[in-house]
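Data first, discussion second: the structure below is written as structure tokens.
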Amino acid sequence: MRTSGLTLQINLPRIVANVRAIRQRCGVEVWAVVKANAYGLGIERVSRAIASEVDGFCVFRLDEAVAVNLGGQTGKPIIALGPPEPDRLNEYLAQRVRPAVSNSADAESLRAAGPILCVDTGMQRFAASPDQIDAILQAGNITEAFTHAATVEHVERFRQLTDGRGLKRHAAATALLDEPQARLDTVRPGLAMYEGAVRVVAPLVDVRESHGPVGYTGFTARRHGVILAGYSHGLRPGPCLVNGITTHLPEVGMQTAYVDLTNVAAQTGDEVVLLGDTLAPSTIAQSWRCSPQEVLINLVRHLSYD
Ligand SMILES: *Cc1c(COP(=O)(O)O)cnc(C)c1O
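Residue numbers (my numbering): 28 to 333.
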């Protein structure tokens, strides 16, 4: 569907293949992180596509699972990674969502829902401090623990803090999948599942020779093009592809952007790839100075699915 000149293409078989590859590479359980509407790609279609390939799903809030009946639709168990809602025990049970807990009171209130201990190893937000671990485990009759790890040092700390208690344990998200010592019993990939599966494109609506400084910013180019997408669609100045050649968007406005065509043979109607093919979120992230997850969610959240 075309709104705003931008088209989003999601390759669901590629997401399935990514999940299989992660499972093979890591050799442990895979719990797919489909929070934030599967990073903007659509939690229903993504979770349906990969349900038979994963051991479970992770959302951030209980309501993300409730809204699409995630447990019922996929038949898989779910973890809500964010702060728990201790007064909603029946909904956790009905949706087969297990809450993450980080204090004894919540662990006890949600005991029947099979709470999971979240241990602080450096993030310093909704996670238990090390001295409370045993009290919380006992209060919630807890058999599983995780940490939100950014580094292998976080994982090592988590391992030491939780050793010897017979717990199922997990730590690694996308950034740590290639670190064998970070895999523990389960990995929780988000971004890695969506790698290479998303294309965001817009056609050139104008192509011309440039004469002197162009646009608000007065950038220079020998030739330039225009697309009908701008910062209102999450776009920022940075790299793009035109006819297989890497070039860039020197200036982005509210609903339009300029494409530098100095070194690219292109004409009106040709496709500008804003994400996808050889242009990965991590490449754009360097230019935008943000995380690749932020790139992905920015570029897909205003779009309809093609
Ligand atoms: C979002 C999240 C993940 C997945 O993160 P990616 O880096 O996208 O793989 C895993 N664990 C927790 C606790 C998260 O909040």
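Just so it is clear, CB atoms sit at the ideal spot from N, CA and C, and this is done for glycine as well. Bear in mind the structure is a predicted one, so any value in this text is a computation, not a measurement.
Limits of the unbroken beta strand (DSSP E) element including residue i
i: residue 53; result: No beta strand (DSSP E) contains residue 53, which is instead part of the alpha helix (DSSP H) from 39-53.
i: residue 298; result: 298-302
i: residue 336; result: Shown here, the chain extends from 28 to 333; a query on residue 336 therefore has no answer.
i: residue 196; result: 195-197
Cβ neighbour criterion (16 or more within 10 Å) applied to residue i
i: residue 281; result: exposed
i: residue 184; result: buried
i: residue 208; result: exposed
i: residue 168; result: exposed
i: residue 236; result: exposed
i: residue 238; result: exposed
i: residue 191; result: exposed
i: residue 129; result: buried
i: residue 147; result: buried
i: residue 29; result: In this prediction, residue 29 has a pLDDT of 47, which is less than 50 and means its spatial position is unreliable; nothing more can be read from the coordinates.
i: residue 142; result: buried
i: residue 196; result: buried
i: residue 123; result: buried
i: residue 42; result: buried
i: residue 125; result: buried
i: residue 199; result: buried
i: residue 6; result: With the chain covering 28 to 333 only, the question about residue 6 has no answer from this structure.
i: residue 193; result: exposed
Rounded separation between residue i and residue j - CA only
i: residue 215; j: residue 284; result: 36 Å
i: residue 74; j: residue 32; result: 28 Å
i: residue 121; j: residue 278; result: 50 Å
i: residue 114; j: residue 322; result: 35 Å
i: residue 60; j: residue 210; result: 15 Å
i: residue 47; j: residue 80; result: 7 Å
i: residue 163; j: residue 134; result: 6 Å
i: residue 202; j: residue 309; result: 11 Å
i: residue 70; j: residue 56; result: 20 Å
i: residue 240; j: residue 249; result: 10 Å
i: residue 231; j: residue 221; result: 26 Å
i: residue 45; j: residue 289; result: 36 Å
i: residue 86; j: residue 206; result: 24 Å
i: residue 317; j: residue 311; result: 9 Å
i: residue 265; j: residue 324; result: 16 Å
Endpoints, alpha helix (DSSP H) assigned at residue i
i: residue 179; result: 179-189
i: residue 325; result: 319-327
i: residue 313; result: 308-315
Contact belief for residue i with residue j at Cβ below 8 Å, rounded distance in angstroms
i: residue 224; j: residue 37; result: 6 Å
i: residue 88; j: residue 39; result: Contact doesn't hold; Cβ gap of about 24 Å is too wide.
i: residue 287; j: residue 270; result: In fact, because the Cβ distance is near 13 Å, the residues do not count as touching under 8 Å.
i: residue 137; j: residue 119; result: 6 Å
i: residue 154; j: residue 175; result: 7 Å
i: residue 268; j: residue 304; result: 6 Å
i: residue 66; j: residue 320; result: 7 Å
i: residue 228; j: residue 252; result: Their Cβ separation, rounded to whole angstroms, is 13 Å, which puts residue 228 and residue 252 out of contact at 8 Å.
i: residue 92; j: residue 98; result: 6 Å
Within-9 Å CB hit, residue i to chain B
i: residue 175; result: Absent here is chain B; the protein component of the structure consists of one chain.
For a minimum of 3 consecutive residues, which ranges assigned as the beta strand (DSSP E) are wholly contained in the stretch 212-285? 225-230, 233-236, 250-254, 265-269, 272-276
Unbroken stretches of the beta strand (DSSP E), 3 residues or longer, contained in the stretch 137-171: 143-146
If we require 3 or more residues per run, which beta strand (DSSP E) segments fall completely within the stretch 52-117? 56-60, 83-86, 105-107
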